[in-house]
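Input: a single structure, listed below in structure tokens.
In this note's numbering, the protein residues as written are 319 to 690.
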């Protein structure tokens, strides 16, 4: 009996070893399918070992060459530009991968799935929505949608679904300078040629919908509502959540009532959260440093000269959420690229402070925050 069991065990190991040797890897499968641009992108991003691991057990939404060509044309970049931008390339590719292998039948009636990009998305959109129907499976990303053209391609423990478009988590907005023709175009003729545009959602309306009640109270108390709510203002606003304000008030050793009553302090803090130009999360990452609406030479109560610039980067070199760094504090973007007319809002998890703290929590006198 023991000898028989040993033979069976040996036979099982032999069969497993044979399977492991015979399974077709992701790279081999993509090569056979002619997905040459996808393979170049995976190699340029340094992700070959990740996706080609026979035990990885992933789901990969694999764009065709035609899908990549259409995406490059829409983005206004060349293949060389994309392959040379490792950060953007990694963002796009990891948005096409799920950490568990799913066949089309496993998607059921459809739901949201978190990709490998996940919380690293610069605008907070790390999920894709998979929607099966009688016409096939549709994958809806944050800024683009694709259809599955070939499903359930097995590559060792990974399942590949070939798709007809590249999935984008965030809007890709290239910076464009207005042309003279655009500037001098007669208003009357524009009104004749263009249909009446639907009323856009203002900053105040957007903040109300998002439940940013403390921020709205602060903006109103500082008399800045008209400035930020102008539909043509074209600003970037870093908008702290209610929880962010609660944490900041505790750090400042102030009550909400005290802060709202101090218009000068309120204006100093709020204008440090506003940029004069509308920037998407990706554009901010490209600039690294940006100038706020806070006036030069502003002095905090602590005697420190307030900073007027903010730094923007990822938490880690190529990965992680977008972090906004002020002189006295920093914050993480928890939801980016929220459009409010011509203004872009990025919701953050802490209040940005333009001054350094002059004393620690142990050495500050009671009732003094050390900032203001």
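Think of the CB as a built atom: it goes at the ideal place given N, C-alpha and C, for glycine as much as any other residue.
Please read these numbers as outputs of a predicted model, since none were measured by experiment.
Applying the 10 Å Cβ sphere with the 16-neighbour rule, what's the burial state of residue i?
i           : result
residue 517 : exposed
residue 576 : exposed
residue 417 : exposed
residue 568 : exposed
residue 526 : exposed
residue 326 : Because residue 326 sits at a pLDDT of 41, beneath the cut-off of 50, its placement in the model cannot be relied upon, and the following sentence gives the value as read from the coordinates. It is exposed - the Cβ of residue 326 has fewer than 16 other Cβ atoms within 10 Å.
residue 432 : exposed
residue 544 : exposed
residue 396 : exposed
residue 645 : buried
residue 599 : buried
residue 610 : buried
residue 541 : exposed
residue 573 : exposed
residue 394 : exposed
residue 625 : buried
residue 364 : exposed
residue 442 : buried
residue 454 : exposed
residue 385 : buried
residue 391 : exposed
residue 444 : buried
Just tell me which of the options has its CA closest to the CA of residue i.
i           : options               : result
residue 408 : 436, 428, 431 and 430 : 436
residue 581 : 442, 538 and 658      : 538
residue 672 : 448, 342, 482 and 616 : 616
residue 668 : 464, 363, 438 and 530 : 530
residue 370 : 423, 560 and 349      : 349
residue 387 : 456, 601 and 353      : 353
residue 596 : 656, 477, 457 and 472 : 656
residue 377 : 489, 471 and 583      : 471
residue 375 : 410, 420 and 603      : 420
residue 424 : 479, 612 and 405      : 479
residue 468 : 443, 351 and 430      : 351
residue 413 : 614, 397 and 438      : 438
residue 342 : 536, 475 and 590      : 475
residue 579 : 536, 561 and 565      : 536
residue 564 : 411, 670 and 460      : 670
residue 631 : 624, 405 and 363      : 405
residue 729 : 445, 422 and 448      : Absent from the model: residue 729. The displayed extent of the chain is 319 to 690, so no value can be given.
residue 613 : 561, 528 and 586      : 586
residue 549 : 522, 566, 571 and 384 : 522
residue 368 : 434, 551 and 430      : 434
residue 560 : 546, 571 and 528      : 528
residue 605 : 591, 618, 623 and 629 : 629
residue 566 : 666, 366 and 426      : 666
residue 674 : 618, 627, 664 and 650 : 618
residue 355 : 373, 411, 623 and 650 : 411
Could you tell me how far apart the beta carbons of residue i and residue j are, in whole angstroms, since I believe they sit closer than 8 Å?
i           : j           : result
residue 279 : residue 642 : The structure shown does not extend to residue 279, since the chain is modelled only from 319 to 690, so the question has no answer here.
residue 462 : residue 486 : 4 Å
residue 608 : residue 593 : 5 Å
residue 557 : residue 484 : Not really, about 30 Å apart at Cβ, beyond 8 Å.
residue 662 : residue 524 : Not quite, the Cβ-Cβ distance comes to about 10 Å (not below 8 Å), so this is no contact.
residue 344 : residue 473 : 4 Å
residue 532 : residue 659 : That belief does not hold up - the Cβ atoms of residue 532 and residue 659 are roughly 22 Å apart, past 8 Å.
residue 446 : residue 459 : 5 Å
residue 457 : residue 381 : Not really, about 10 Å apart at Cβ, beyond 8 Å.
residue 440 : residue 583 : About 31 Å; that fails the 8 Å criterion.
Quick one: grab the DSSP three-state call for residue i.
i           : result
residue 527 : helix
residue 354 : helix
residue 653 : strand
residue 347 : helix
residue 625 : coil
residue 431 : strand
residue 507 : Any answer about residue 507 is weak, because its pLDDT of 46 lies below 50 and its placement is not dependable; what the coordinates show is given next. Helix.
residue 379 : strand
residue 399 : helix
residue 416 : strand
residue 563 : helix
residue 297 : Because the chain in this structure spans residues 319 to 690, residue 297 falls outside the shown range and cannot be described.
residue 299 : With the chain running from 319 to 690 in the structure shown, residue 299 is simply not present.
residue 464 : strand
residue 543 : helix
residue 580 : coil
residue 483 : coil
residue 606 : coil
residue 533 : helix
residue 593 : strand
residue 454 : strand
query = Should the stretch 355-367 be called in touch with the stretch 397-405, which here means at least 3 C-beta pairs below 8 Å?
reply = They touch, by the three-pair rule.
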